[in-house]
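A short worksheet on the structure shown next.
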Amino acid sequence: MSPEQVNEAMRRCPALSVEAAIKFQSERDPALVPQIVLGIIERFVEPDMRAKVAEARDETRLFDDLGIDSLIMVEIVMTIEQVLGVSAPDEELRGLRTIGDVKLYLDAKLRGVAYDPGAPRLDLAAIAAALPQQPPFLFLQTATINADGASGSYHISGDEPVLRGHFRDEPVFPASLMMESLGQLAALYLIKSGKTEFAAAAQTGKAWFISAESVRCMRICRPGETLSLSVRLVRQRAPLAVFAGTIDVDGQRTASIEALTLACGQLASPAEAPAVEEPASDSAKCEA
Amino acid sequence: MRSVVASGLGFVTCIGKGKAEVADSLCRMRHGLSLYPPFDKPDCPVKVVGQVKGFEVDSIEQEDWTLPADMPPLRLEQLRSLPPHGAYALHAVAQAIADAGLRPEDISNPATGLYTASGGSTSTLFRHLERMHRMGPRRCPPQGIVSSIAGTLNFNLVSYFRILGSSAGFVSACASSGHALGAAVDEITLGRQERMIVVGAEDCNSDTILPFAGLRALSTSADPDKASRPFDKARDGFVGTGGAVAMIIEDEESARRRGAEIYCRIRGWGQASDGYHTMMPHPKGEGLARAMKNALAAASAASEDIAYLNAHATSTQAGDSAELLAIRSVFGMGKSPAISSTKALTGHGLSLSSIMENAFCALALQGGWMPGSAHISELDPECAGLDILRETREGAFSLAMSNSSGFGGANVSFVFERV
């Protein structure tokens, strides 16, 4: 499609999504797709839902959270088909329930692989079967694997053995275990993503903690609260993967990690792993 | 038998938005016709249209429309299912509901129904089909059908107003909204519904109006002050218009119980068909004559009781002549009601015309005036002996009759009574 055609097809979509769509015509970079899709979704939802789309996470539900019924979905998909140059038959769309499902579906489309709608949602049994961590050191109860990350949850029951000692007379979920829960979710992502870059994790069922930068805890978590966990892959260089992670409780930001680095697969010792370089600074680019 | 009254009116017309402006236009015989820019082409024989002001609804994309500030609120999803005349109709129905003093729970109620009349949106249908032929069926927007086919008005209004009672659309060309009102009256007299909303609407654009030039039914006059002139000897066809008119009718007892302001009583209605031609009326207006007699019978009224008759008369040679003969056959020589055709002021609203003129009768009965028949320079000799009103006549009167005739020879007639 020419830029004029993209502009016409995406009339009324947010400007940045239109730019991404124009760029996509020549680059066909799957990384552009989430922005394009969210822009198209934003255009078709009711005006009072637009803010929700802008803040949407993978687990945001199309119908329950954004009011997108099957007919609005038809219009969204029609525009996506035109702009991304894919064909999305109705049977394939039926199972899509969340923003994450849509991203995963389109990612599979663009890579030419089959989309398996059933795969990504995991319960405790599936998680325990996949991860090397087990109770009483498993701090992940549900998980959804998406194209570029994962979301999940953990409910603090209060029966966790560590809480007896943390603290005396006042059970508080340790910050270190908040970080551990995000690490477990990130490890689950590496094992379950199906991406060739992380084959070592899938094969060995292991991922190792390397480092964590800028870890912050904003709230104290106590028994009875449910942690909403989210990790997003920000960069990778095999065998390492770096994630940004957040924890929310009842919609309130509770903890965050800017860069959680894991290594895939079998390592003799973590010290073997090379460092993942920071991306080149902007000032270097500007000199050109 | 239960008595039915009109308790609410809403108008989006070329002679005004809202009953005050419309009543004023009728009394002062101020027309709403003007030169229509899309007709300003050498190969277009027609020049004048009764344009609806305050609504900019030409774009296929409803989000481009400019609607009045007092438009009822619309979700994006609802807006994108509307034809142009759907915007007019929403406004008119909202006016009528407010006018009748009804609350949302009265409207969304198993005892409240809604009947509509429109020809569908020709322009919307054309554009969606053109897109389908060009890009294939999978590129058609889902709302393509519901925003365009005849029925679009009831699809949209029944869902928007959450109508739970009777609902349907009526398709009998220029008699459509008359059939809608008559059937709505029957719903109440039969005890099926307490109140009914009746709305007629039509697009006001080239695609709806210009095809009538093909059957040579439109005036080719370029003078908005003369083009629409029912009963004039030199009349040369009708002037098209669109818009929407809504009337709310109720069982009289329940209307009075809630202290509603009542415009008039609907004493009765009748219909009959010509069985003659797809487009031409019976030359002697036989079907219309029987429709008028049926209306009088249903109203238990005698022809001499009718003080004012709002004629269908569209300003065509054949149509006006046929109606004059029908009127004579019903009323007899020398016993003429005061007659006018308000189409001189409004033009012909097609599916909209019947309910619009019925609503004008309601205003006239409540206000105590009879609108004149405008733009007559030389009265057709066929009118000899009939009381064709050249000016608006002041003074209260008891019974009004309103006629409408449509393609295929459908004829509808109403008798309204002052309360």
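Going down the list, the sequences are from chains A and B.
Under the numbering used here, the letters of the first sequence match residues 0 to 287, in that order.
Under the numbering used here, the letters of the second sequence match residues 37 to 455, in that order.
Glycine included, each C-beta is placed from N, C-alpha and C at the ideal position.
Check, Outcome
"Nearest-angstrom Cβ-Cβ length linking residue 195(A) and residue 217(A), presumed shorter than 8 angstroms", "Residue 195(A) to residue 217(A), Cβ: 37 angstroms. No contact."
"Same chain, Cβ closer than 6 angstroms to residue 72(B), five either side skipped, listed in chain order", "85"
"Unbroken beta strand (DSSP E) run spanning residue 133(A), endpoints", "Looking at the DSSP string, residue 133(A) is not in any beta strand (DSSP E), and its letter there is neither H nor E."
"In chain order, each beta strand (DSSP E) run of at least 3 residues that lies wholly inside the stretch 96–178 of chain A", "141–144, 148–154"
"Own chain residues within Cβ distance below 6 angstroms of residue 229(A), not counting five before or after", "150, 245"
"Chain B residues whose Cβ lies nearer than 7 angstroms to that of residue 71(A)", "113"
"C-beta neighbour in chain A for residue 179(B), strict 9 angstroms", "yes"
"Proximal residues, the stretch 73–90 of chain A versus chain B, C-beta separation under 7 angstroms", "73, 74, 77"
"Contact list for the stretch 91–115 of chain B against chain A, Cβ threshold 9 angstroms", "97, 99, 111, 112, 113"
"Minimum Cβ-Cβ distance from residue 52(A) to chain B less than 9 angstroms", "no"
"Minimum C-alpha distance to residue 330(B) - residue among 375(B), 439(B), 318(B), 189(B)", "439(B)"
"Where the stretch 164–178 of chain B meets chain A: residues whose CB sits under 7 angstroms from a CB there", "175, 177, 178"
"Segments assigned beta strand (DSSP E), at least 3 residues, entirely inside the stretch 76–139 of chain B", "84–86"
"Under 8 angstroms (Cβ pairs) to chain B, residues found in the stretch 28–46 of chain A", "43, 44, 45, 46"
"Proximal chain B residues relative to residue 11(A), where beta-carbon distance stays under 8 angstroms", "99"
"Cβ neighbours of residue 357(B) in the same chain (closer than 7 angstroms, five flanking residues each side left out)", "418"
"Spatial distance of residue 182(A) from residue 208(A) (CA atoms)", "7 angstroms"
"Reduced DSSP category for residue 43(A) - H, G, I as helix; E, B as strand; rest coil", "helix"
"Cut-off 7 angstroms between Cβ atoms - residues of its own chain near residue 98(B), not counting five sequence neighbours on either side", "115, 116, 118"
"Simplified DSSP assignment, three categories, for residue 429(B)", "strand"
"Cβ neighbour criterion (16 or more within 10 Å) applied to residue 241(A)", "buried"
"Distance between residue 382(B) and residue 19(B) (C-alpha atoms, nearest Å)", "Shown here, chain B extends from 37 to 455; a query on residue 19(B) therefore has no answer."
"Alpha helix (DSSP H) segment containing residue 394(B), residue limits", "389–403"
"Cβ pair residue 188(B), residue 122(B) closer than 9 angstroms", "yes"
"Coil, strand or helix - residue 344(B) by DSSP", "strand"
"Meets three-Cβ-pair contact criterion under 8 angstroms: the stretch 95–105 of chain A and the stretch 190–199 of chain B", "no"
"Where residue 328(B) falls: helix, strand or coil (DSSP)", "helix"
"Closest by C-alpha distance to residue 311(B), when choosing among 304(B), 305(B), 302(B), 321(B)", "321(B)"
"Segments assigned beta strand (DSSP E), at least 3 residues, entirely inside the stretch 162–208 of chain B", "203–206"
"Nearest to residue 208(B) (by Cα), restricted to the options 454(B), 448(B), 453(B), 261(B)", "448(B)"
"Limits of the unbroken beta strand (DSSP E) element including residue 232(B)", "231–238"
"Cross-strand partners of residue 437(B) (DSSP beta bridge)", "345(B), 451(B)"
"Cα-Cα separation between residue 162(A) and residue 54(A), rounded to whole angstroms", "34 angstroms"
"Proximity to residue 237(B) [Cα-Cα], best of 225(B), 170(B), 151(B)", "151(B)"
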